[in-house]
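Read through the structure below, which is laid out as structure tokens, and then see the notes.
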Amino acid sequence: MDELNIIKLIKNTLKFSNEHIVKGIDDDCAVIKIDENFYLVATTDMMIKKTHIPSILTPHEIGGRILTANVSDIASMGAKPLAFLLSLSLSEKEAKEDFIRELYEGLDKFSRFYDCPVVGGDTNKGDELVLSGTAIGITDNPIFREGRVGDKIGITNDIGRVYCALKLYYLLKNRKIEFNEFKKLCSKYPLIIKKLKVPIARVKEGILLNKYRLLRGCCDISDGLGKEITYFKNFELNSDHILKAVPEDVFEFCEEFNLDPLTVALNSGEEFELLFTTPNLNKVKEVLKHHSKVFEIGKIIEEGRYIDGEVFCGGGYVHRW
Numbered sequence: 262m263d264e265l266n267i268i269k270l271i272k273n274t275l276k277f278s279n280e281h282i283v284k285g286i287d288d289d290c291a292v293i294k295i296d297e298n299f300y301l302v303a304t305t306d307m308m309i310k311k312t313h314i315p316s317i318l319t320p321h322e323i324g325g326r327i328l329t330a331n332v333s334d335i336a337s338m339g340a341k342p343l344a345f346l347l348s349l350s351l352s353e354k355e356a357k358e359d360f361i362r363e364l365y366e367g368l369d370k371f372s373r374f375y376d377c378p379v380v381g382g383d384t385n386k387g388d389e390l391v392l393s394g395t396a397i398g399i400t401d402n403p404i405f406r407e408g409r410v411g412d413k414i415g416i417t418n419d420i421g422r423v424y425c426a427l428k429l430y431y432l433l434k435n436r437k438i439e440f441n442e443f444k445k446l447c448s449k450y451p452l453i454i455k456k457l458k459v460p461i462a463r464v465k466e467g468i469l470l471n472k473y474r475l476l477r478g479c480c481d482i483s484d485g486l487g488k489e490i491t492y493f494k495n496f497e498l499n500s501d502h503i504l505k506a507v508p509e510d511v512f513e514f515c516e517e518f519n520l521d522p523l524t525v526a527l528n529s530g531e532e533f534e535l536l537f538t539t540p541n542l543n544k545v546k547e548v549l550k551h552h553s554k555v556f557e558i559g560k561i562i563e564e565g566r567y568i569d570g571e572v573f574c575g576g577g578y579v580h581r582w
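Residue numbers for the sequence shown follow the numbering used here, beginning at 262 and rising by one.
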């Protein structure tokens, strides 16, 4: 089984809905209609110590990341975050005053940054650290994962750094390098490590682009561009254009560690950049010029999935059992 099969099974099993539900499973957020002018959007995202939380992260950084991961889904719907809840399972190791205080200081700092207060949650005892967040937002125009033939496909800012940061982390974890060498590499590639430790959700960008009705569709890059792009069904990608969104330090890192930059770009998860479709990319660039860079990486086509004229084989991260 993998997570895609599990989601399909869950969708086929859940039969009940009602007139308030505009979108359930199958997008970054569920969408619930309040009235003709407003929609609530809601999402949940989970982090488990063994699979999601590198040991190099501080409790403060963990708090910031769980909030960012959830708020990023709200941003991709073009919505304003309203509130956040966190359910927390602590092992005996983490059930300490200093750890809990620092974790929630990180949450508090980022909740102020996103204007998204933490309003509740649940705590429990477990065998390892588990954080399950729920974010709620509001919009008058929810944006789904869709596009029309001829729409341009774009992304905000850069991609690839998180993949490289995790490469360094696993070299350390698997004892391929010593800690002193790891520290030197972190100093050599500070922006690579920073994007792993302190990612930023593109909330302002999502709200702005929705305000001017510039997006046809949108999602955030949480499981890697190679996976997220498949939500848009039919597309043609251009590898040269994708590589323009890869920053210079990632190219340098790829050369040092014998990595393919395109593979890195397609498989770098937890970037939390926006991946979107639009009929007016130039206007998107104009609106975001003081907030984010924008790169065109392809277009929506009538049928098929391609990169440089060849069949696109996908990428990104999928949980498997």
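We put the beta carbon where it would ideally sit given N, CA and C, even for glycine.
Anyone know if the C-beta pair for V438 and C447 falls short of 7 Å?
As written in the sequence, residue 438 is Ile, which differs from the Val given in the question. For I438 and C447, no; Cβs fall outside 7 Å.
Among T384, K413, Y492, A506, whose alpha-carbon lies nearest the alpha-carbon of G421?
That would be A506, whose Cα lies nearest to the Cα of G421.
Taking the alpha carbon of G467 as the reference point, which residue from N266, K272, P403 has its own alpha carbon closest?
Distance from the Cα of G467 is smallest, within the candidate group N266, K272, P403, for P403.
For P522 and L504, believed in contact at Cβ under 8 Å, the rounded distance:
The C-beta distance from L504 to P522 rounds to 6 Å, short enough to meet the 8 Å contact threshold.
Name the DSSP bridge partner or partners of R581?
DSSP output for R581 lists D263 as bridge partner(s).
Between the segment 391-411 and the segment 545-555, do at least 3 Cβ pairs fall closer than 8 Å?
Counting Cβ pairs under 8 Å, fewer than three are found: no touch.
Might you give, ordered along the chain, the residues of its own chain that have their beta carbon closer than 8 Å to the beta carbon of H321, omitting 5 neighbours on each side?
So the qualifying residues of the chain are E363, L364, E366, G367, K370.
Shorter than 6 Å, the distance from the beta carbon of L328 to the closest heavy atom of the ligand GDP, or not?
Absent from the structure shown: the ligand GDP. Ligands present: none.
Any contact of the segment 529-543 with the segment 464-480, i.e. 3+ C-beta pairs under 8 Å?
With the cut-off at 8 Å, the segment 529-543 and the segment 464-480 touch.
Given 8 Å as the limit, is there contact between the segment 370-381 and the segment 333-349, that is, 3 or more CB pairs closer than that?
Contact holds: three or more Cβ-Cβ distances are below 8 Å.
So, with DSSP's three-state summary, where would you put P342?
If DSSP states are grouped into helix, strand and coil, P342 belongs with the strands.
I need the straight-line Cα distance from S529 to D481, nearest angstrom please.
Rounded to the nearest whole angstrom, the CA to CA distance from S529 to D481 is 12 Å.
Do L427 and K310 have their CB atoms nearer than 7 Å?
In this structure, K310 does not lie closer than 7 Å to L427 by Cβ.
For K458, I'd like the list of residues in its chain whose CB is within less than 7 Å of its CB, leaving aside the five on either flank, ordered along the chain.
Contacts found: L318, E322.
Compare the Cα-Cα distances from C569 to each of H502, L520, I461 and report the closest residue.
For the record, residue 569 in the displayed sequence is Asp; it is not Cys. Ranking the options by Cα distance to D569, first place goes to H502.
Selection from F518, I558, K494, E489 that minimises the alpha carbon distance to L531:
As written in the sequence, residue 531 is Glu, which differs from the Leu given in the question. The shortest CA-to-CA distance from E531 to any of F518, I558, K494, E489 is the one to E489.
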